[in-house]
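Residues 1 to 162 (UniProt numbering) make up the sequence shown, in order. A virtual CB, placed ideally from N, CA and C, is assigned to each residue, including glycine.
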Amino acid sequence: MPAEPRPTATPAQALEAMDLFIATAHLGQQEMAQRLGLNVTDLLCFACVLKAGENLLTAGDLAEHAHVTTGAVTGILNRLERGGYVTRVPDPHDRRRVRVAALPDAVTKVVALYQPYYDRLDTVFAGYSADEIAVLHDWFSRSTNLALAYIEELRAKDVEGE
């Protein structure tokens, strides 16, 4: 599909639009989490479990994916389990470990909430060419990596007492 004509924008305008998108997306995540009876961090962790699919995560894996401490994951998993979102299953290769599996009813509930939004995003993406989608994917991926690196930098400064 040919791309639609795009208005010109400066880097400053793009940054302003990004800031507004991030703030709006954060508000949206809070709204989604509230409707699911979760907090945003618990929702993020459940999303990590969903993304892992059949490759069930350990608590340590989940902490790494969600960028939280292993201590925090214990509380998160307890809340998700009480809420009917996940179950802990024994690791078939190491009985000292457990892995985290999403419960089917929870998956259905989350998909029902998010799918209308994703359908609308698909409509937005349909207005872009394959090359533009590739640029968007690259930008989101690189910006995510940049943000994660900056978060780690800030956390390292906290540890150092700066």
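Review point. Roughly how many angstroms lie between the CA atoms of Asp42 and Lys109, to the nearest whole one?
Key: By 1-based counting over the sequence shown, the position of residue 42 is 42. By 1-based counting over the sequence shown, the position of residue 109 is 109. Asp42 and Lys109 have their C-alpha atoms spaced approximately 15 angstroms apart.
Point to revise | Own chain, CB closer than 8 angstroms to Thr87, minus 5 neighbours either side, in chain order | key: Within the sequence shown, the letter at position 87 stands for residue 87. Excluding its 5 nearest sequence neighbours in each direction, Thr87 has C-beta neighbours in its own chain below 8 angstroms: Glu81, Val100, Ala101 and Leu103, listed in chain order.
Exercise for review: Give me the Cβ distance between Tyr114 and Met32, rounded to the nearest whole Å; I'm assuming they're in contact under 8 angstroms.
Suggested key: Walking along the sequence shown from the start, residue 114 turns up at place 114. Walking along the sequence shown from the start, residue 32 turns up at place 32. Contact flag correct, Cβ pair sits at about 7 angstroms.
Check your understanding: What residue range is occupied by the uninterrupted alpha helix (DSSP H) comprising Pro104?
Key -> Counting from 1 along the sequence shown, the entry for residue 104 is found at position 104. Pro104 to Phe125 is the extent of the alpha helix (DSSP H) around Pro104.
Practice item. Please state whether DSSP places Tyr101 in a helix, a strand or coil. Key: What you label residue 101 is simply residue 101 of the sequence shown in a count that begins at 1. First, the residue type needs correcting, since residue 101 is Ala and not Tyr in the sequence shown. DSSP places Ala101 in strand when its eight states are reduced to three.
Point to revise | Neighbourhood of Gln30 by C-beta distance below 7 angstroms, restricted to the same chain and skipping five residues each side | key: Residue mapping note: residue 30 aligns to position 30 of the sequence shown, counting from 1. Val40.
**Study point:** Beta carbon of Asp61 nearer than 9 angstroms to that of Ala52
**Key:** As a position in the sequence shown, residue 61 is number 61, starting the count at 1. As a position in the sequence shown, residue 52 is number 52, starting the count at 1. Judged by their CB atoms, Asp61 and Ala52 are nearer to each other than the 9 angstroms cut-off.
Review point. Taking the continuous alpha helix (DSSP H) assigned at Val159, which residues delimit it?
Key: For the purposes of this step, residue 159 is taken as residue 159 along the sequence shown, with counting starting at 1. Run containing Val159: Ala130 to Glu160, per the alpha helix (DSSP H) assignment.
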